[in-house]
Amino acid sequence: MLSRNQIKYLGSLKIKKFRRTHKQFLAEGDKIVRDIIHNNLADICQLVATPAWLAANRLTASPRIQEVIEAELTDISRISSLETPPPVIAVLDMPEVRFSPEEVSSSLSMALDTIQDPGNLGTIIRTADWFGIRNIFCNEACADCYNPKVVQASMGAILHVGIYYVDLTEFLAGFSGKPDFTVYGTYMDGIPVTSVTPAKQGIIVFGNESRGISAEISPCIGQRLTIPPGTTEHGRVESLNVSSAVAIVLNTFMAIKTA
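Heads up, the numbering used here is the position in the sequence shown plus 337, with the first residue counted as 1.
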(Lines of atoms letter the chains of each structure in order from A and count residues from 1; the text may use other names and numbers.)
(Lines give C-alpha, C1' and ligand atoms only; values in the text may rest on other atoms or scores of the structure.)
Protein backbone atom coordinates (compact mmCIF):
# COMPACT_ATOMS: atom_id res chain seq x y z
CA MET A 1 0.00 0.00 0.00
CA LEU A 2 1.03 3.59 -0.48
CA SER A 3 2.67 5.26 2.47
CA ARG A 4 2.00 8.86 3.45
CA ASN A 5 5.45 9.87 2.17
CA GLN A 6 4.88 8.12 -1.16
CA ILE A 7 1.56 9.91 -1.61
CA LYS A 8 3.27 13.21 -0.84
CA TYR A 9 6.11 12.55 -3.27
CA LEU A 10 3.95 11.29 -6.13
CA GLY A 11 1.50 14.14 -5.64
CA SER A 12 4.39 16.60 -5.90
CA LEU A 13 5.08 15.39 -9.45
CA LYS A 14 1.99 17.32 -10.56
CA ILE A 15 4.11 20.46 -10.05
CA LYS A 16 6.71 21.46 -12.64
CA LYS A 17 9.55 22.39 -10.26
CA PHE A 18 9.35 19.03 -8.49
CA ARG A 19 9.23 17.14 -11.80
CA ARG A 20 12.40 18.94 -12.86
CA THR A 21 14.09 18.38 -9.52
CA HIS A 22 13.36 14.66 -9.44
CA LYS A 23 13.38 14.15 -13.24
CA GLN A 24 10.25 12.02 -13.03
CA PHE A 25 6.68 12.37 -14.28
CA LEU A 26 3.33 10.60 -14.17
CA ALA A 27 1.44 8.77 -16.90
CA GLU A 28 -2.18 8.29 -15.83
CA GLY A 29 -4.88 5.92 -16.99
CA ASP A 30 -5.44 2.41 -18.28
CA LYS A 31 -4.90 3.05 -22.00
CA ILE A 32 -1.64 4.97 -21.79
CA VAL A 33 -0.12 2.67 -19.14
CA ARG A 34 -1.06 -0.48 -21.05
CA ASP A 35 0.43 1.03 -24.21
CA ILE A 36 3.71 1.75 -22.40
CA ILE A 37 3.88 -1.83 -21.11
CA HIS A 38 2.72 -3.65 -24.26
CA ASN A 39 5.01 -1.67 -26.57
CA ASN A 40 8.01 -1.50 -24.22
CA LEU A 41 8.11 2.27 -24.53
CA ALA A 42 9.89 2.99 -21.27
CA ASP A 43 10.96 1.59 -17.93
CA ILE A 44 8.30 2.10 -15.26
CA CYS A 45 9.84 3.08 -11.93
CA GLN A 46 6.61 2.48 -10.04
CA LEU A 47 3.27 1.09 -11.14
CA VAL A 48 0.54 2.25 -8.75
CA ALA A 49 -2.76 0.46 -9.32
CA THR A 50 -5.93 -0.70 -7.65
CA PRO A 51 -6.31 -4.38 -6.71
CA ALA A 52 -9.03 -4.75 -9.36
CA TRP A 53 -6.78 -3.35 -12.11
CA LEU A 54 -3.90 -5.59 -11.11
CA ALA A 55 -6.18 -8.63 -11.06
CA ALA A 56 -7.51 -7.84 -14.53
CA ASN A 57 -4.12 -7.06 -16.08
CA ARG A 58 -1.43 -9.72 -15.94
CA LEU A 59 1.21 -7.23 -17.00
CA THR A 60 3.25 -6.72 -13.90
CA ALA A 61 5.77 -9.49 -14.64
CA SER A 62 7.43 -7.25 -17.24
CA PRO A 63 11.14 -6.77 -16.45
CA ARG A 64 10.67 -3.09 -17.29
CA ILE A 65 8.42 -2.54 -14.25
CA GLN A 66 10.69 -1.93 -11.27
CA GLU A 67 8.06 -1.81 -8.51
CA VAL A 68 4.33 -2.52 -8.25
CA ILE A 69 2.34 -0.77 -5.52
CA GLU A 70 -1.23 -1.75 -4.77
CA ALA A 71 -3.35 1.25 -3.78
CA GLU A 72 -6.95 2.10 -3.10
CA LEU A 73 -8.68 4.53 -5.43
CA THR A 74 -8.98 7.06 -2.60
CA ASP A 75 -5.18 7.20 -2.33
CA ILE A 76 -4.73 7.35 -6.11
CA SER A 77 -7.11 10.32 -6.17
CA ARG A 78 -4.65 12.23 -3.98
CA ILE A 79 -1.93 11.67 -6.58
CA SER A 80 -3.91 12.05 -9.79
CA SER A 81 -4.46 15.30 -11.66
CA LEU A 82 -7.59 13.96 -13.37
CA GLU A 83 -11.10 14.84 -12.22
CA THR A 84 -11.97 11.15 -12.15
CA PRO A 85 -8.98 9.28 -10.69
CA PRO A 86 -7.75 6.41 -12.89
CA PRO A 87 -7.20 2.85 -11.65
CA VAL A 88 -3.51 2.96 -12.58
CA ILE A 89 -0.65 5.45 -12.67
CA ALA A 90 2.91 4.88 -13.91
CA VAL A 91 5.90 6.80 -12.59
CA LEU A 92 8.52 7.31 -15.30
CA ASP A 93 11.96 8.85 -15.50
CA MET A 94 12.22 11.77 -17.90
CA PRO A 95 14.11 10.54 -20.97
CA GLU A 96 17.44 12.17 -21.69
CA VAL A 97 16.79 13.73 -25.09
CA ARG A 98 19.42 15.18 -27.39
CA PHE A 99 19.03 16.26 -30.96
CA SER A 100 21.47 16.10 -33.82
CA PRO A 101 21.77 19.31 -35.89
CA GLU A 102 22.59 17.08 -38.86
CA GLU A 103 19.32 15.16 -38.38
CA VAL A 104 17.33 18.39 -38.09
CA SER A 105 19.00 19.73 -41.25
CA SER A 106 17.92 16.69 -43.23
CA SER A 107 14.34 16.20 -41.96
CA LEU A 108 11.08 17.99 -41.24
CA SER A 109 10.69 19.29 -37.68
CA MET A 110 8.30 21.53 -35.78
CA ALA A 111 8.81 24.55 -33.52
CA LEU A 112 6.26 25.86 -31.02
CA ASP A 113 6.21 29.48 -29.91
CA THR A 114 4.48 29.87 -26.52
CA ILE A 115 1.87 27.10 -26.78
CA GLN A 116 0.48 27.45 -23.26
CA ASP A 117 -2.52 25.15 -23.10
CA PRO A 118 -1.43 21.67 -21.92
CA GLY A 119 -4.22 19.97 -23.86
CA ASN A 120 -3.13 21.69 -27.07
CA LEU A 121 0.48 20.74 -26.54
CA GLY A 122 -0.36 17.10 -25.85
CA THR A 123 -2.58 16.90 -28.94
CA ILE A 124 0.15 18.52 -31.06
CA ILE A 125 2.70 15.96 -29.86
CA ARG A 126 0.29 13.12 -30.66
CA THR A 127 -0.40 14.58 -34.12
CA ALA A 128 3.32 15.05 -34.80
CA ASP A 129 3.92 11.40 -33.92
CA TRP A 130 1.14 10.29 -36.27
CA PHE A 131 2.77 12.13 -39.18
CA GLY A 132 6.29 10.94 -38.38
CA ILE A 133 7.71 14.18 -36.97
CA ARG A 134 10.58 13.16 -34.70
CA ASN A 135 11.65 16.52 -33.22
CA ILE A 136 9.66 19.40 -31.69
CA PHE A 137 11.43 22.53 -30.46
CA CYS A 138 9.67 24.69 -27.86
CA ASN A 139 10.52 27.96 -26.20
CA GLU A 140 10.52 28.08 -22.40
CA ALA A 141 7.15 29.87 -22.42
CA CYS A 142 5.47 26.72 -23.74
CA ALA A 143 3.65 24.42 -21.36
CA ASP A 144 5.82 21.75 -19.76
CA CYS A 145 5.65 18.62 -21.89
CA TYR A 146 5.63 16.47 -18.72
CA ASN A 147 2.60 18.22 -17.28
CA PRO A 148 0.12 15.38 -16.55
CA LYS A 149 -2.46 16.95 -18.88
CA VAL A 150 0.08 17.08 -21.71
CA VAL A 151 1.10 13.46 -21.13
CA GLN A 152 -2.56 12.41 -21.05
CA ALA A 153 -3.44 14.29 -24.25
CA SER A 154 -0.38 12.92 -26.04
CA MET A 155 -1.57 9.35 -25.34
CA GLY A 156 2.01 8.11 -25.01
CA ALA A 157 3.41 10.03 -27.98
CA ILE A 158 5.55 11.99 -25.50
CA LEU A 159 7.73 8.84 -25.43
CA HIS A 160 8.03 8.68 -29.24
CA VAL A 161 8.91 12.28 -30.09
CA GLY A 162 11.88 14.33 -28.95
CA ILE A 163 10.74 17.52 -27.19
CA TYR A 164 13.42 20.18 -26.67
CA TYR A 165 13.20 23.50 -24.82
CA VAL A 166 15.51 26.03 -26.46
CA ASP A 167 16.01 29.74 -27.07
CA LEU A 168 13.74 29.54 -30.11
CA THR A 169 14.88 32.78 -31.75
CA GLU A 170 18.54 31.77 -31.54
CA PHE A 171 17.76 28.21 -32.60
CA LEU A 172 15.75 29.21 -35.67
CA ALA A 173 18.29 31.87 -36.64
CA GLY A 174 20.87 29.09 -36.88
CA PHE A 175 18.79 27.37 -39.58
CA SER A 176 17.34 30.43 -41.33
CA GLY A 177 18.82 30.96 -44.78
CA LYS A 178 20.39 27.52 -45.07
CA PRO A 179 20.39 26.24 -48.65
CA ASP A 180 17.64 23.71 -49.40
CA PHE A 181 16.15 24.31 -45.96
CA THR A 182 13.06 26.39 -45.18
CA VAL A 183 11.75 27.78 -41.91
CA TYR A 184 7.98 27.97 -42.41
CA GLY A 185 5.67 30.02 -40.22
CA THR A 186 1.88 29.80 -39.89
CA TYR A 187 0.04 33.13 -40.08
CA MET A 188 -3.41 34.49 -40.86
CA ASP A 189 -1.90 35.88 -44.05
CA GLY A 190 0.58 34.09 -46.27
CA ILE A 191 0.76 31.57 -49.07
CA PRO A 192 -2.00 28.94 -48.90
CA VAL A 193 -0.40 25.81 -47.52
CA THR A 194 -1.90 23.83 -50.40
CA SER A 195 0.08 25.97 -52.87
CA VAL A 196 3.60 25.48 -51.50
CA THR A 197 6.13 22.96 -52.67
CA PRO A 198 7.56 21.86 -49.34
CA ALA A 199 11.18 20.84 -49.05
CA LYS A 200 12.03 17.44 -47.59
CA GLN A 201 13.81 19.28 -44.81
CA GLY A 202 12.65 22.30 -42.84
CA ILE A 203 11.01 23.53 -39.67
CA ILE A 204 7.34 24.51 -39.38
CA VAL A 205 6.69 27.11 -36.68
CA PHE A 206 3.32 27.39 -34.94
CA GLY A 207 2.55 30.35 -32.70
CA ASN A 208 0.69 31.11 -29.51
CA GLU A 209 -3.03 30.29 -29.27
CA SER A 210 -4.12 33.94 -29.29
CA ARG A 211 -1.12 36.01 -30.46
CA GLY A 212 0.41 33.78 -33.10
CA ILE A 213 4.13 33.85 -33.86
CA SER A 214 6.00 36.48 -31.85
CA ALA A 215 7.69 39.50 -33.42
CA GLU A 216 11.19 38.42 -32.43
CA ILE A 217 10.81 35.10 -34.24
CA SER A 218 9.24 36.50 -37.42
CA PRO A 219 12.58 37.56 -39.00
CA CYS A 220 13.62 33.88 -38.94
CA ILE A 221 10.64 32.82 -41.06
CA GLY A 222 11.52 32.10 -44.66
CA GLN A 223 8.01 31.37 -45.92
CA ARG A 224 4.71 32.43 -44.41
CA LEU A 225 1.88 29.91 -44.68
CA THR A 226 -1.84 30.20 -44.12
CA ILE A 227 -4.73 27.75 -44.08
CA PRO A 228 -7.45 29.13 -46.36
CA PRO A 229 -11.08 28.50 -45.37
CA GLY A 230 -12.93 25.89 -47.35
CA THR A 231 -15.41 28.41 -48.77
CA THR A 232 -15.82 32.16 -48.88
CA GLU A 233 -18.81 31.78 -46.56
CA HIS A 234 -17.11 29.97 -43.70
CA GLY A 235 -19.07 31.48 -40.86
CA ARG A 236 -17.80 33.73 -38.11
CA VAL A 237 -14.86 31.69 -36.84
CA GLU A 238 -11.81 33.96 -37.02
CA SER A 239 -9.11 31.31 -36.68
CA LEU A 240 -8.46 27.64 -36.09
CA ASN A 241 -7.36 26.06 -32.84
CA VAL A 242 -3.58 25.60 -33.06
CA SER A 243 -3.75 21.82 -32.67
CA SER A 244 -6.22 21.68 -35.58
CA ALA A 245 -3.90 23.89 -37.63
CA VAL A 246 -0.99 21.53 -36.93
CA ALA A 247 -3.01 18.55 -38.18
CA ILE A 248 -4.06 20.34 -41.39
CA VAL A 249 -0.58 21.65 -42.21
CA LEU A 250 1.18 18.34 -41.54
CA ASN A 251 -1.43 16.40 -43.51
CA THR A 252 -1.02 18.80 -46.43
CA PHE A 253 2.78 18.61 -46.31
CA MET A 254 2.77 14.82 -46.24
CA ALA A 255 0.20 14.62 -49.04
CA ILE A 256 2.28 16.93 -51.23
CA LYS A 257 5.51 15.06 -50.46
CA THR A 258 4.01 11.70 -51.39
CA ALA A 259 2.09 12.91 -54.45
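Glycine residues also receive a C-beta, built at the ideal position from the N, C-alpha and C atoms.
Which partner residues does residue i have in the DSSP bridge list?
i: alanine 364; result: Ala427
i: alanine 552; result: According to DSSP, which records beta bridges pairwise, alanine 552 is partnered with nothing at all.
i: isoleucine 473; result: Met447, Ile500
i: phenylalanine 543; result: Leu449
i: tyrosine 521; result: Ile541, Gln560
i: isoleucine 381; result: Ile402
Grouping DSSP H, G and I as helix and E and B as strand, with all else coil, what is residue i?
i: glutamate 433; result: coil
i: serine 580; result: helix
i: serine 532; result: helix
i: glycine 511; result: helix
i: glutamine 453; result: coil
i: glycine 559; result: coil
i: isoleucine 606; result: Outside the modelled stretch of the chain, which goes from 338 to 596, sits residue 606, for which no answer is possible.
i: alanine 392; result: helix
i: leucine 505; result: helix
i: alanine 386; result: strand
i: aspartate 481; result: coil
i: glycine 493; result: coil
i: glutamate 407; result: strand
Inspect the beta-carbon positions of residue i and residue j and report whether they are closer than 7 Å.
i: isoleucine 344; j: arginine 435; result: no
i: glycine 559; j: threonine 519; result: yes
i: isoleucine 381; j: alanine 427; result: yes
i: isoleucine 374; j: alanine 448; result: no
i: serine 444; j: glutamine 538; result: yes
i: methionine 492; j: arginine 463; result: yes
i: phenylalanine 543; j: phenylalanine 508; result: no
i: aspartate 450; j: valine 498; result: no
i: arginine 371; j: phenylalanine 362; result: no
i: leucine 429; j: alanine 364; result: yes
i: proline 485; j: lysine 353; result: no
i: glutamate 546; j: threonine 506; result: no
i: alanine 490; j: cysteine 557; result: no
Got a sec? Which residues, its chain only, sit under 6 Å from residue i by beta carbon, not counting five neighbours each side?
i: phenylalanine 468; result: Leu587, Met591
i: alanine 408; result: Leu339, Val385
i: arginine 561; result: Gly522, Tyr524, Gly527
i: glycine 366; result: Pro423
i: valine 488; result: Ala364, Ile495
Starting from the C-beta of residue i, find all residues in its chain whose C-beta is less than 8 Å away, skip the five residues before and the five after it, and write them out in chain order.
i: threonine 387; result: Glu407, Ala408, Glu409, Leu410, Ile413, Pro424, Val425
i: threonine 563; result: Thr523, Tyr524, Met525, Asp526, Gly527, Ile528, Pro529, Val530
i: serine 442; result: Phe512, Lys515, Phe518, Gln538
i: valine 503; result: Phe474, Cys475, Asn476
Give me, in chain order, the residues of the same chain whose beta-carbon lies closer than 7 Å to that of residue i; leave out the 5 immediate sequence neighbours on both sides.
i: serine 349; result: Phe355
i: serine 576; result: Met525
Three or more C-beta pairs below 8 Å linking the region 448 to 465 and the region 474 to 494: Touching, yes.
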